[in-house]
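Note sheet for the following structure.
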Ligand code: NAI
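Structure representation (structure tokens):
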């Protein structure tokens with residue numbers, strides 16, 4: 008089976024090659040790595056492929072799916088958990104097999120959220136630069152003790168549960184909000200309505216998927232309902248927050264700090280080196296100018312273990328499709 012793997016980075020090629028050699032030596036899976044992301048202009052790269060393998064910023068709207076199907080592509084395998092970037096209705100109408108990797112080291116994402124909270128709170132990113140320049144002054148590096156603070160977890164699924172466990176370990180009082188509450192969360196904290204969570208939490212961490220219901224979940228109204236000076240953390244999907252509203256909340260100093268690993272318009276920027284270019288996204292540039300904003304480029308998942316898991320599950324999904332077997336990760 009020939010598979011065109013879009014948005015291929017060197018680490019994708021390495022992890023897929025290693026997993027194929029170590030776990031699937033006899034499998035007839037031939038990956039063709041394409042650096043380009045998938046959109047209507049790059050569909051032709053998958054010509055004569057049986058399947059395409061895609062990531063978070065590849066576009067899989069109805070037009071792209073129709074073009075893929077017309078070329079003979081029969082399967083789409085997402086090497087990510089979120090599937091907000093695919094028109095599933097169109098895919099099903101076209102008879103395409105679609106599968107994802109539902110969980111790859113949820114701890115990895117929660118640990119990255121923790122790293123962002125710790126960095127932003129104790130300003131270690133600024134301390135690192137200061138000390139390298141021989142500046143040992145502490146003014147401007149003041150943080151708060153997290154022990155005893157209240158932390159809110161929005162979305163108590165796989166990653167949210169890991170986050171709740173970590174926050175409990177720090178000695179925080181943990182609140183959770185989820186329209187489908189999980190029993191497991193009760194071991195770490197109290198489930199409350201979203202408004203109560205926002206009003207009480209010193210740290211709000213988002214761990215829900217991007218859907219029609221969660222689009223701009225954190226808008227101007229939600230921000231106004233947050234505790235003054237609170238920290239907002241988003242490692243899930245950029246469009247969970249209304250970014251211009253967040254900029255206003257930072258400017259008015261109502262929002263105390265922001266940590267984001269995802270950004271609504273990230274497909275224009277993330278995963279590529281733009282360091283020698285002019286960035287024309289003014290909202291992003293404004294965000295990057297705040298001393299109390301920490302941005303990383305969608306690296307929450309990026310651990311050795313998670314990359315291996317992604318490659319293994321993706322190959323297993325492809326083999327299930329090829330052999331007509333039941334696939335638990337099918338969408
Ligand atoms: P999950 O499906 O295990 O949990 C999501 C939870 O969100 C579920 O409990 C669900 O009931 C809840 N939820 C649904 N609608 C909600 C709403 N309106 N308000 C609050 N909660 C709601 O998903 P998992 O594995 O925990 O992943 C969460 C998200 O993290 C993914 O959808 C993905 O967008 C993001 N992610 C980010 C990564 C990164 O590298 N930064 C890597 C992997 C996932």
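In this note's numbering, the protein residues as written are 8 to 338.
Every residue gets a Cβ at the ideal spot worked out from N, C-alpha and C, and that includes glycine.
Touch test, the region 248-257 against the region 24-37, Cβ-Cβ under 8 Å, three pairs minimum: Counting Cβ pairs under 8 Å, fewer than three are found: no touch.
Residue 340 CB to nearest heavy atom of ligand 1 below 6 Å: Any property of residue 340 remains undetermined from this structure, which presents the chain solely from 8 to 338.
Residue environment, residue 171, which counts as buried when at least 16 other CB atoms sit within 10 Å: Buried, since its Cβ has 16 or more Cβ neighbours within 10 Å.
For residue 38: DSSP bridge partner residues: The secondary-structure analysis by DSSP pairs residue 38 across a beta bridge with 10.
Proximity test, residue 116 beta-carbon vs ligand 1 heavy atom, cut-off 6 Å: Answer for residue 116: yes, Cβ within range of ligand 1.
Residue from 91, 53 and 116 with nearest C-alpha to residue 78: Comparing Cα positions, the closest option is 53.
Buried/exposed call for residue 165, threshold 16 Cβ in 10 Å: Burial call: buried.
Whole-number beta carbon distance between residue 160 and residue 214, since they are thought to touch under 8 Å: With a beta-carbon spacing of about 6 Å, residue 214 and residue 160 fall inside the 8 Å limit used to define contacts.
Identity of the residues DSSP links to residue 337 by a beta bridge: Paired residue(s): 106.
Same chain, Cβ closer than 8 Å to residue 22, neighbours up to 5 away in sequence not counted: Cβ neighbours of residue 22 beyond the five flanking positions: 314, 315, 317 and 318.
Closer than 6 Å: residue 187 CB and nearest ligand 1 heavy atom: Shortest gap from the CB of residue 187 to any heavy atom of ligand 1: under 6 Å.
Cα-Cα separation between residue 71 and residue 46, rounded to whole angstroms: Taking the straight line from one Cα to the other gives about 6 Å.
When 96, 173, 302 and 50 are compared against residue 241, the one with the closest alpha-carbon: Comparing Cα positions, the closest option is 302.
CB-CB length for residue 244 against residue 224, believed under 8 Å: The beta-carbon separation of residue 244 and residue 224, rounded to 10 Å, does not stay under the 8 Å limit for a contact.
Supposed contact pair residue 310 and residue 86 - C-beta distance, whole angstroms, cut 8 Å: Contact doesn't hold; Cβ gap of about 14 Å is too wide.
contact_flag[the region 81-96, the region 61-68] where n(CB pairs < 8 Å) is 3 or more: The region 81-96, when compared against the region 61-68, does touch it at the 8 Å Cβ threshold.
In DSSP terms, what residue 157 is bridged to: Looking at the DSSP assignment, residue 157 forms a beta bridge with 180.
Beta-carbon proximity of residue 208 to residue 157, cut-off 7 Å: In this structure, residue 157 lies closer than 7 Å to residue 208 by Cβ.
Residue 236 to residue 253 span [Cα, whole Å]: Their Cα atoms are separated by approximately 13 Å.
Neighbourhood of residue 73 by C-beta, 8 Å cutoff - its chain only, sequence neighbours within 5 removed: Excluding residues within five positions, the ones whose Cβ falls inside 8 Å are 97 and 101.
Whether residue 115 touches residue 308 by CB criterion (7 Å): Yes, these two residues count as a Cβ contact at 7 Å.
Residue 254, enclosing alpha helix (DSSP H) - first and last residue: Counting along the chain, the alpha helix (DSSP H) containing residue 254 begins and ends at 250-258.
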